[in-house]
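Visitor: For reference, each letter of the sequence shown is one residue, going 3 to 157 in this note's numbering. Even glycine gets a Cβ: it sits at the ideal position worked out from N, Cα and C.
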Amino acid sequence: MLSLPARAGDRPRTGPSVPHVQLSQTSPGEIREQLEQWMSTELPAAEIRPSEISEPRSIAFFLADDVLPPQGAVLLPPRLVAEFAHIHIDGSLHLALSQEDQRELIARGWGERHPLYSPTINVVMLYGPRTAQELEVAKSVVAASYRYATGRTPG
Numbered sequence: 003m004l005s006l007p008a009r010a011g012d013r014p015r016t017g018p019s020v021p022h023v024q025l026s027q028t029s030p031g032e033i034r035e036q037l038e039q040w041m042s043t044e045l046p047a048a049e050i051r052p053s054e055i056s057e058p059r060s061i062a063f064f065l066a067d068d069v070l071p072p073q074g075a076v077l078l079p080p081r082l083v084a085e086f087a088h089i090h091i092d093g094s095l096h097l098a099l100s101q102e103d104q105r106e107l108i109a110r111g112w113g114e115r116h117p118l119y120s121p122t123i124n125v126v127m128l129y130g131p132r133t134a135q136e137l138e139v140a141k142s143v144v145a146a147s148y149r150y151a152t153g154r155t156p157g
């Protein structure tokens, strides 16, 4: 389960509908690139493919074809069993998390539910990291999403 520090500052502005994007406090390009690089190398049961749900410039992470999510895990639409996270050009991410981790993410100010969130649309936004310290927090949230999606620890 996640144990996050409180996020500094106010929550960023986000779009109220689809596409759900972050409008303020976006990630600097180098921080976003570092997160993408980390995700590309530290999530061994994941494959990078075009997102099935997000804007075309997003980078999406899917379970490898031979990996199934644990029973009860609900990943991103439309298939709910394949894509577990994607990074937007603004540095924010949409990802699937357990209910406990979602509560921690929201309570500590690191993210919010997607406007279309429901029991069958398990999508939360992780705000884009702005600093090296926030990048480490983002990695821990992505690792929690990966564990939720695969039942495995990244690395």
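By Cβ distance below 8 angstroms, which residues in the same chain neighbour Met136 in space, the five residues on each side in sequence not counted?
Guide: One-based indexing of the sequence shown puts residue 136 at position 134. The question names Met, but residue 136 is Glu in the sequence shown. Taken in chain order, the residues that qualify are Arg9, Ile33.
Visitor: Using the rule of at least 16 other Cβ atoms within 10 Å of the residue's Cβ for burial, across every protein chain shown, is Gln11 buried or exposed?
Guide: Stepping through the sequence shown from its first residue, residue 11 is reached at position 9. The question names Gln, but residue 11 is Gly in the sequence shown. Exposed: under 16 other Cβ atoms inside 10 Å.
Visitor: Can the beta-carbon of Arg110 be found less than 8 angstroms from the beta-carbon of Leu37?
Guide: Taking the sequence shown and counting its residues from 1, the one referred to as residue 110 is at position 108. Taking the sequence shown and counting its residues from 1, the one referred to as residue 37 is at position 35. Cβ atoms of Arg110 and Leu37: not closer than 8 angstroms.
Visitor: Between Thr28 and His22, how many whole angstroms is the CB-CB distance? I'm expecting something under 8 angstroms.
Guide: Position 26 of the sequence shown holds residue 28. Position 20 of the sequence shown holds residue 22. Not a contact, Cβ separation roughly 14 angstroms.
Visitor: Given this structure, state the Cα-to-Cα distance separating Ser26 from Pro14, to the nearest angstrom.
Guide: What you label residue 26 is simply residue 24 of the sequence shown in a count that begins at 1. What you label residue 14 is simply residue 12 of the sequence shown in a count that begins at 1. Roughly 5 angstroms between the two C-alpha positions.
Visitor: Does DSSP put Thr16 in a helix, a strand or coil?
Guide: Within the sequence shown, the letter at position 14 stands for residue 16. The answer is strand: DSSP assigns Thr16 an E or B state.
Visitor: Taking Cβ positions, are Ala151 and Pro71 nearer each other than 8 angstroms?
Guide: As a first step, residue 151 is located in the sequence shown; it is residue number 149 there, counting from the start. As a first step, residue 71 is located in the sequence shown; it is residue number 69 there, counting from the start. The answer is yes: Cβ separation under 8 angstroms.
Visitor: So, do the segment 65–81 and the segment 36–52 have three or more beta carbon pairs nearer to each other than 8 angstroms?
Guide: When C-beta atoms of the segment 65–81 are compared with those of the segment 36–52, three or more pairs fall below 8 angstroms, so the two segments count as touching.
Visitor: For Arg115, which residues does DSSP report across the bridge?
Guide: For the purposes of this step, residue 115 is identified with residue 113 of the sequence shown, where counting begins at 1. For Arg115, which the question treats as bridged, DSSP gives the partners Val126.
Visitor: Straight-line CA distance for Trp112 to Ser142?
Guide: For the purposes of this step, residue 112 is identified with residue 110 of the sequence shown, where counting begins at 1. For the purposes of this step, residue 142 is identified with residue 140 of the sequence shown, where counting begins at 1. Trp112 and Ser142: Cα-Cα distance of roughly 12 angstroms.
Visitor: Given a cut-off of 8 angstroms on the beta-carbon distance, is the pair Ala98 and Leu118 in contact?
Guide: Numbered from 1 along the sequence shown, position 96 holds the residue referred to as residue 98. Numbered from 1 along the sequence shown, position 116 holds the residue referred to as residue 118. For Ala98 and Leu118, no; Cβs fall outside 8 angstroms.
Visitor: In this structure, what does DSSP give as the bridge partners for Ser120?
Guide: For the purposes of this step, residue 120 is taken as residue 118 along the sequence shown, with counting starting at 1. Answer is Ile123.
Visitor: If you run the structure through DSSP and keep just helix, strand and coil, what is Glu106?
Guide: One-based indexing of the sequence shown puts residue 106 at position 104. Helix at Glu106.
Visitor: If contacts are defined as beta-carbon pairs under 8 angstroms, then Leu128 and Ser94 qualify, I think. What distance do you get, rounded to the angstrom?
Guide: As a working mapping, residue 128 is identified with position 126 in the sequence shown. As a working mapping, residue 94 is identified with position 92 in the sequence shown. Right, the Cβ-Cβ distance comes to about 6 angstroms (below 8 angstroms), so this counts as a contact.
Visitor: Taking Cβ positions, are Pro121 and Leu45 nearer each other than 8 angstroms?
Guide: Translated into the one-based positions of the sequence shown, residue 121 becomes position 119. Translated into the one-based positions of the sequence shown, residue 45 becomes position 43. Their beta carbons are not under 8 angstroms apart, which means Pro121 does not touch Leu45 by this criterion.
Visitor: Determine the contact status of His96 and Ser56, defining contact as a CB-CB distance below 8 angstroms.
Guide: The residue you call residue 96 lines up with position 94 of the sequence shown. The residue you call residue 56 lines up with position 54 of the sequence shown. Contact: yes.
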